[in-house]
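Chemist: Starting off with a structure, shown below.
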């Protein structure tokens with residue numbers, strides 16, 4: 151009977167020992183269940199959204215549809231650059247010359263009656279440094295934004311920056327040509343910057359500081375290079391405007407901020423949306439009036 155009692159008692163300590171390893175394995179199993187896509191989306195949520203919105207994003211995060219807008223627009227811009235750099239005679243790739251100035255896509259003040267040029271100039275770039283800088287920034291920032299906000303929002307912000315850039319250039323630098331997607335890139339940066347500033351406390355302060363400093367440094371260097379190209383070192387012929395940078399970033403800090411801050415909310419019910427729409431429409435109408443009746447350009 152004593153032996154039977156011992157045999158009956160043996161499983162209890164053994165079972166207790168087996169539970170403890172099992173309990174310790176529950177947490178690693180939970181970690182293992184988080185695959186690469188889940189980890190990636192969690193990282194994106196930390197960079198793009200304030201804390202109170204991250205769980206909502208993670209509940210429905212997926213890559214369908216993929217960030218198709220920013221990828222397609224980048225491929226189109228790269229294809230146009232390769233066309234003018236390879237199939238058209240150029241002295242060098244660093245700075246393209248006759249090919250882009252004679253392009254039907256480039257914005258030129260004397261051709262402003264061809265309205266498509268106010269948008270199509272974004273496909274044409276002045277050289278390798280120009281296109282690589284724009285592609286790098288719009289892919290890094292744009293893909294993450296499109297995963298969170300989807301293609302419609304990102305596309306609207308990007309195109310609003312492109313149009314605001316060309317219209318601002320036609321008003322404040324009316325005798326200069328315009329090439330490059332900087333207006334769209336700056337619109338994405340401006341919208342992201344405003345959200346990082348407004349939601350600073352909820353977006354991990356240390357990373358928030360890094361994000362804000364990175365944007366400020368990048369914008370400062372890019373503006374400095376644009377000023378240098380415009381006023382210090384420029385070749386004979388058409389001068390390339392830098393005002394599109396200003397137009398793009400203002401569009402991003404207004405329209406982009408509203409679109410990117412209204413995650414999981416209906417834009418049509420947000421009064422900030424209508425204020426931005428009215429303000430942007432007034433700006434466009436004034437720019438059209440200026441170009442028809444007041445512009446000093448030929």
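In the numbering used here, the protein residues as written are 151 to 448.
Cβ coordinates follow ideal geometry from the N, Cα and C atoms, glycine included.
(1) Under DSSP, the alpha helix (DSSP H) around residue 300 begins and ends at which residues?
(2) Are residue 447 and residue 317 touching if we call contact CB-CB under 8 Å?
(3) Rounded to a whole number of angstroms, what is the C-alpha to C-alpha distance between residue 365 and residue 346?
(4) Which residue's Cα is closest to the Cα of residue 331: 405, 231, 409?
(5) Assign residue 394 to one of three DSSP states: helix, strand, or coil.
(6) Under DSSP, the alpha helix (DSSP H) around residue 337 begins and ends at which residues?
(7) Check residue 233 in the structure and name its three-state DSSP category.
(8) Give me, in chain order, the residues of the same chain whose beta-carbon lies closer than 7 Å to that of residue 219; leave out the 5 immediate sequence neighbours on both sides.
(9) Only counting the same chain, and skipping five residues up and downstream in sequence, which positions put a Cβ closer than 7 Å to that of residue 289?
(10) Tell me, please, which residues DSSP counts as bridged to residue 328.
(11) Select from 325, 279, 395, 217 the residue whose C-alpha is nearest the C-alpha of residue 445.
(12) Have a look at residue 424 and residue 236 and give me their C-alpha separation to the nearest angstrom.
(13) Give the straight-line distance between the Cα atoms of residue 266 and residue 341, rounded to the nearest whole angstrom.
Modeler: Put simply:
(1) Taking the first residue of the chain shown as position 1, residue 300 is located at position 150. Counting along the chain, the alpha helix (DSSP H) containing residue 300 begins and ends at 278-322.
(2) Position 297 of the chain shown, counted from the start, is the residue given in the question as residue 447. Position 167 of the chain shown, counted from the start, is the residue given in the question as residue 317. Not a contact, by the Cβ cut-off of 8 Å.
(3) Within the chain shown, numbered from 1, the residue matching residue 365 stands at position 215. Within the chain shown, numbered from 1, the residue matching residue 346 stands at position 196. Computed Cα separation, rounded: 10 Å.
(4) One-based indexing of the chain shown puts residue 331 at position 181. Per the Cα distances, 231.
(5) As a first step, residue 394 must be located in the chain shown, where it is residue number 244. If DSSP states are grouped into helix, strand and coil, residue 394 belongs with the helices.
(6) Along the chain shown, one-based indexing puts residue 337 at 187. Per DSSP, residue 337 belongs to the alpha helix (DSSP H) from 332-348.
(7) Here residue 233 refers to the residue found at position 83 when the chain shown is read from its first residue. Of the three classes helix, strand and coil, the one that applies to residue 233 here is helix, per DSSP.
(8) Counting from one through the chain shown, the residue named residue 219 turns up at place 69. 296, 301, 304, 305, listed in sequence order.
(9) Looking up residue 289 in the chain shown gives position 139. Closer than 7 Å at Cβ, skipping near neighbours: 220, 224.
(10) Stepping through the chain shown from its first residue, residue 328 is reached at position 178. According to DSSP, which records beta bridges pairwise, residue 328 is partnered with 257.
(11) Here residue 445 corresponds to residue number 295 of the chain shown, with the count starting at 1. Residue 325 is the option with its Cα nearest to residue 445.
(12) As a position in the chain shown, residue 424 is number 274, starting the count at 1. As a position in the chain shown, residue 236 is number 86, starting the count at 1. Looking at the two C-alpha atoms, the distance is approximately 45 Å.
(13) Within the chain shown, numbered from 1, the residue matching residue 266 stands at position 116. Within the chain shown, numbered from 1, the residue matching residue 341 stands at position 191. Spanning the two alpha carbons is a distance of roughly 25 Å.
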